[in-house]
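In what follows, a structure is listed as structure tokens, so that the remarks can point back to it.
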Amino acid sequence: MNFDLSDEQRQLAAAAADFFTSAASPGAARASLDTGAPIEPGRKAMADTGFAAITIPESAGGGGGSVLDLAVVAEQAGRVLAGPSLVTAARAAVLLEDDADRLPALADGSAAYAVIEETGGPVLDATTADRFLALRDGALVAGGGSITERAPIDATRGLADVTLDDAEVVAKDGVARWERALQVGQVVLGAEGLGTASKALELGVDYAKQRVAFGRQIGSYQAIKHALVDAFVGVEQLRSLVWWAAWTAEESPAELPLAAAAVKGMAAVVLEKAAETLVQVHGGIGFTWEHDAHLYWRRAKVDRFLLGDDVEAFDTVARLAIAGAAK
Amino acid sequence: MNFDLSDEQRQLAAAAADFFTSAASPGAARASLDTGAPIEPGRKAMADTGFAAITIPESAGGGGGSVLDLAVVAEQAGRVLAGPSLVTAARAAVLLEDDADRLPALADGSAAYAVIEETGGPVLDATTADRFLALRDGALVAGGGSITERAPIDATRGLADVTLDDAEVVAKDGVARWERALQVGQVVLGAEGLGTASKALELGVDYAKQRVAFGRQIGSYQAIKHALVDAFVGVEQLRSLVWWAAWTAEESPAELPLAAAAVKGMAAVVLEKAAETLVQVHGGIGFTWEHDAHLYWRRAKVDRFLLGDDVEAFDTVARLAIAGAAK
Amino acid sequence: MDFDDTPEEAAYRAKVRDYIAAHRGELMSVSEGGRRAVDLDAAKQHQSLMYDGGLVGVTWPKEYGGQGGTQMQQAIVNQEVAKAGLAGFIGVIGLGMCGPTVIAHGSDDQKSRYLGRLLRGEDVWCQLFSEPASGSDLAALRTKAVKTDSGSWRVNGQKVWTTLAHVSDYGILLARTDPDVAKHRGLTMFVVDMHAPGVTVRPLRQMSGVAEFNEVFFDDVEIPDEERLGEVGDGWRVALTTLMSERLSLGGGGTDVGTGLDAAAAHVAKRIGELPETRQALVRQEFGRQYAASLATRYTGYRQLSAISKGAMPGPEASAGKLAGTKTGRALADLGVRLLGDEAVYAITAEGDGRWQNSQAGLPGMAIAGGTDEILRNVLGERVLGLPPEPRADKGMSFNDSLRIGASE
Amino acid sequence: MDFDDTPEEAAYRAKVRDYIAAHRGELMSVSEGGRRAVDLDAAKQHQSLMYDGGLVGVTWPKEYGGQGGTQMQQAIVNQEVAKAGLAGFIGVIGLGMCGPTVIAHGSDDQKSRYLGRLLRGEDVWCQLFSEPASGSDLAALRTKAVKTDSGSWRVNGQKVWTTLAHVSDYGILLARTDPDVAKHRGLTMFVVDMHAPGVTVRPLRQMSGVAEFNEVFFDDVEIPDEERLGEVGDGWRVALTTLMSERLSLGGGGTDVGTGLDAAAAHVAKRIGELPETRQALVRQEFGRQYAASLATRYTGYRQLSAISKGAMPGPEASAGKLAGTKTGRALADLGVRLLGDEAVYAITAEGDGRWQNSQAGLPGMAIAGGTDEILRNVLGERVLGLPPEPRADKGMSFNDSLRIGASE
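Protein chains in written order, with this note's numbering: chain C, 4 to 330; chain A, 4 to 330; chain U, 1375 to 1783; chain S, 1375 to 1783.
What follows is the structure in structure tokens.
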């Protein structure tokens, strides 16, 4: 058994960390929220680095990497609240996988896609998109769209309402691919959430070591210490699940539906807990606009509803587990 | 506003405390579980003191008191894990309220009733009963029954499976009365649970003041202190709800259905939390047969399923609240 | 047991209700008062008119312009004000905290200069205690007051979380006058003129985007020694008066935290039908739990009110209500947001409703402001359950020495 | 990343599997080993036969009769033993804890007398550390060993939670030999003959009704000085070897806590159809959450196993698995009980199944035994997250002085 990242994946993570920490930040997330400043690092930089095209085959100009490779990068993006989301890149790469025209354009960033959910509603990364993918009567379609921007809770997610115009059929029978794209998207969303939760935990731990109350660093109080430990346990649990689920995408596809739902649900819960702990550990300061804590909190409050909510995800986990046991 | 017990009720509580602490105990509960010893104080003593007949009119030989009076006594019974339950007495008193023959026999203890749930299943206080009340096709019936005893989790609840024999009709249209009896029973169950939870909390607090670890009383550690505080908050919340719900039984009957369901659900949750905290605070010793902690824990694990479970109760609360808001 | 007024309470309530009804047109409504930029003059007039009706300073002694009434009368006024949808008082901090502190520790001169104007809403007051480096551990504050040669005090430092500072005329200021003694012993309380040179007020934006609080900076602010409240070095004891008055002015009473239980029920009733049956069951389960918990908090508040009406002082038990109320308030806000469905990821719904999102963003602050959940649990554990306190690492240390703790990090 | 064996691991696994298959008829199954009254001779024979196949003492040095193998090989043996449904070893405590302590700190004489018999299951061992007054705070133990004029030690005191004491031949005993120094410094470790005069073993019944542990009383028990393990006063350091070995022998690996995830899934699948649709949704929601959490714990264990296979030592991170596993184990037991419907209030269902009720009654102990949840959170907070420790009230105090703490209550 070797349930661990490879050396190449660790190098990839380090390179991603370098890029994202210089190209994005909670400060940029605050500016997007405050003044509508562009989301960082933005579509172009994500395409130029090749990170957004990791899972696209080399023949189409992508990285030819695995979902696990992408997950490793997505974790780093999540740590600094980067946008647009690699979730969108990953889903589009699956949806356009046999499209010889559109896939290269996705890979080199000349087309900026977003994916409209089957049930409608807010579209992730819509505010930076010019093309949209959707499922219509079982067919996968692509087209332009009209965007209605709305007051965001977390501006980095680029959410907007979208009406699809002029759709062309990409694949007549798109349902299976659509499902897989959604599941891969859930895994990548979980990987971003892992990074966000993990960074939130670190910020909380750092503050708990510095801040003194009643003559002791507050991290020495069990109320603070144990809350941070619970967040830590959650983060480590989530990390295992993200790695496994990403691995199943290529290596054990029959397990992907359950693994993706488990990651989706668990990431929602773990990230929300970590972000709330971050705010609470900081006391008053964590509750101010200028502090980064609320930006992690905002990401948590929004992410839990993306690509289905946690309640739906856990229902799916249970249904699949029960079906498996009843066999 | 005077949302408080009267002086008479406080005296009643003190008298009940005197009786129950001498006539029952966790030790007796352990003996019942271990050797099948009779449940203490038992039907006869409960009838002789008049506590079981508080809500029966004086004209039928009862105390002519209110449900709140009974709740005050039930709390004291709950503190020492007394049996049989005053829930059974309270329900039977409502069900037989206009039965000139059976009510006096209930009041003086010459008949020992238990109530079969509408959906069947285990019957509270069946092991000490000789007569059973049930709802059959909308009619309230009474009769003898065949008892199948089963391995108990908490022996003081006298639970057994019962098949009704030779039933006579007590009231042709018994549905409304049946509902009210159930609701009054839920309130009294909540009052017993309040006593049990409150005593479990006190035992936990006492131990946390005595036990020393790493040079400090363990109650000085936030992990222990805060767990006990959360149990305390729960107990005080439950107390308010029990008083209010008991008060509605006579003073505001339209509110009783919601109040009774709220008490039922809240008592299940609060008691379970208090009992689990009691075990956890005691560490290893709380996990031994000889210590009383598990007897409180057993009561909690069983009570949550009596007269419907917490899930059903909260569903009822929500349905009634939503119906009220939609008006 | 009953939930009705006594005859005396009923008579008082009728009087209050009549006065409010008679002046309803001139009084400010809660929606006007709730606006971010309050019309200061209107707010002052509102309080003045209420004062004329005997509805301000209900429990204050008559000699200082109050009504000499009971806590229960104050609770009745609060209820009627809420029922009528009237705005709260711009003098809320002054009435609840600063005034009682001046009454208990002020000089005759201070009392005569300040209390009447405070009651009538002519001056607005704020309370300057919390600092960036001293939140839960209030006595660790660093703002310094140094005695000058002329006998006055020179103040330097920063306060934070100061409600109403941006419109205040005066504040009560807790400052360190001796750093060489234990932290509780080196403090002194002052009345500070918020218009004095060197006082700078900066609004503090919260994570919800709203600025309900301020930061206040003191740069060489001069305070005459006559504006000292209590003895030099006695500031901690004076501050305890203030904090006790705060608890009295909050006073429990079972009011809902957050958006309110009835609003939540209406929201659930409106939205639940849009969901599939199985999902409705999940919503009902959560809503039922929170509804029951909210009722329990409400009736626990009524128990406290009943005790107050019999003359009891609100004790630390009131913290149980805040803990429980914050918890259910958060859970109801979360439920409210979730019920918005697709709209839950935006700050405002298509219908223009942002109540649930605002509540979601505001409630984490409830678990922090006015005592964090952790501090309240300590207080309840130690003062109500009698559990032993935490060991204090800075026990017996001078303030200056205690500053070194954690400094090696 | 993969979940397969390396070629070396696969070869080793095949060897293990072959040996077990060849001797399956002579080996004890888990159901036989799990009976309350174990057949002691059969259990010893089982271990002896496994030893002959090289499946006992896998990681022990060859010079002491072990296999000189790796932690990963031990993990493979554990997996194959579980897969084949074989009983665990009666020597589990001796192999995991006592033996490694003798190897690290015993005299040559002790090693030659004890280790071979221990490996072959000829002697059963137990570990005598915990006491009624020292649970989490192990070093506060009170059992006294006093040196006699003849140079031997006389032991008086009581131990508790001693697994296998009732069938043990030897135990490692931590006792206080000097109460006048700080609590960690006055301890010494001994090998005690459990058949010696003055040793009394009493089974300790748990809340579930089962007696898995014992109390052990020492009344003037004589221990020769040659049976000391390590130096006088060095017992704490010796005990740390034992506890470290315990962690290694547990080793993580993602095994389920409680009744097991597959059993839970089968139970849900069997029972859920009996419920109304809306209630099914509630069950699925809870089950889905716990199922996902259990998978996360399982794969976190696999991460640890992978690290071990690369030569890493299991660190305090393993406690995260116990915390998470205990939590989901409890939740699944609760779900299992609830799914019994009307039967949930009885200890055994009409079908004779008591698994879920037993699990419910047994799992509170999981949150206490082997480190309470609270202690594990301290360990993780301090040793993994690097948060500062609690202040220690008994720091620098002699054991005798520390006994006075809390005595005034």
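Backbone N, C-alpha and C define an ideal beta-carbon position, used for all residues, glycine too.
- At a cut-off of 8 angstroms between C-beta atoms, U:D1376 counts as an interface residue with respect to chain A.
- Listed along chain U are T1674, E1691, A1694, each with a C-beta nearer than 8 angstroms to that of A:E239.
- Following the DSSP letters along the chain, one finds S:D1523 in no alpha helix (DSSP H), marked with neither H nor E.
- Chain-order list of chain A residues neighbouring S:D1768: F217, G218, by C-beta distance under 7 angstroms.
- Distance from the CA atom of U:Q1421 to the CA atom of U:I1467, rounded to whole angstroms, is 13 angstroms.
- For the stretch 1438-1486 of chain U, the full-length alpha helix (DSSP H) segments reaching 4 residues or more read 1445-1457, 1473-1479 along the chain.
- Per DSSP, the beta bridge partners of C:N5 are S:D1376.
- With respect to C:V118, C:L136 sits close: the two C-beta atoms are nearer than 8 angstroms.
- Contact annotation for A:V236 against chain U: A1694, L1697, A1698 [CB-CB distance below 7 angstroms, chain order].
- Linking C:G287 to U:G1739 through their CA atoms gives a straight-line distance of about 8 angstroms.
- By the CB criterion at 8 angstroms, S:M1471 and S:T1616 fall inside the cutoff.
- Listed along the chain, the chain S residues whose CB falls inside 7 angstroms of the CB of A:K304 are Q1734.
- Apart from the 5 residues on each side of it in sequence, A:L231 sits with its Cβ closer than 8 angstroms to the Cβ of L204, G207, V208, A211, G222, T280, V284 in its chain, given in chain order.
- Note that the stretch 1447-1456 of chain U does not touch the stretch 1520-1532 of chain U; fewer than 3 beta-carbon pairs, one per stretch, sit closer than 8 angstroms.
- Apart from sequence neighbours up to five positions away, the residues of its chain that approach A:E121 with a beta-carbon distance below 6 angstroms are L138, ordered along the chain.
- Here the alpha carbons of C:W300 and U:R1491 stand approximately 43 angstroms from one another.
- Runs of the alpha helix (DSSP H) lying entirely within the stretch 61-127 of chain A, each at least 4 residues long, are 70-82, 89-98, 105-111 in chain order.
- Contact between S:A1707 and S:Q1734 holds: their C-beta atoms lie close to 5 angstroms from each other, under 8 angstroms.
- In this structure C:G123 does not touch C:R134 by the C-beta definition: roughly 18 angstroms separates them, more than the 8 angstroms allowed.
- In the displayed model, C:A278 falls within a helix according to three-state DSSP.
- Contact fails between the stretch 1470-1488 of chain U and the stretch 1510-1526 of chain U, because fewer than three Cβ pairs, one in each stretch, are under 8 angstroms apart.
- Ranking A:P125, A:P107, A:V187 by CA distance to the CA of A:T166 puts A:P125 first.
- When Cβ pairs closer than 8 angstroms are counted between the two stretches, the stretch 1635-1644 of chain S is seen not to touch the stretch 1679-1692 of chain S, the count staying below three.
- Across the stretch 265-298 of chain C, no CB contact with chain A closer than 8 angstroms is found for any residue.
- At least one CB atom of chain A sits nearer than 8 angstroms to the CB of S:Q1731.
- In the three-state reduction of the DSSP assignment, A:F217 falls in the coil class, being assigned neither a helical nor a strand state.
- When the beta-carbon positions are compared, S:G1572 and S:V1541 stay at least 8 angstroms from each other.
- C:L109 sits close to C:A96, with the two beta carbons spaced by under 8 angstroms.
- Annotation: Cβ neighbours of A:V208 in chain U (cutoff 8 angstroms, chain order): L1759, G1760, L1761.
- A distance of 8 angstroms or more separates the beta carbons of S:K1436 and S:G1427.
- Here S:L1754 is near S:P1690, since their CB atoms are less than 8 angstroms apart.
- The Cβ neighbour count for U:H1569, taken over all protein chains shown within 10 Å, is under 16; the residue is labelled exposed.
- In terms of beta-carbon proximity, C:A321 stays away from the interface with chain A, with every pair separated by 8 angstroms or more.
- Cβ-Cβ distances below 7 angstroms link U:S1510 to T1746, I1749 in the same chain, with the five nearest sequence neighbours on each side left out; the list follows chain order.
- The C-beta distance from S:V1404 to S:G1459 rounds to 5 angstroms, short enough to fall under 8 angstroms.
- Residue range 1651-1683 is occupied by the alpha helix (DSSP H) that includes S:I1682.
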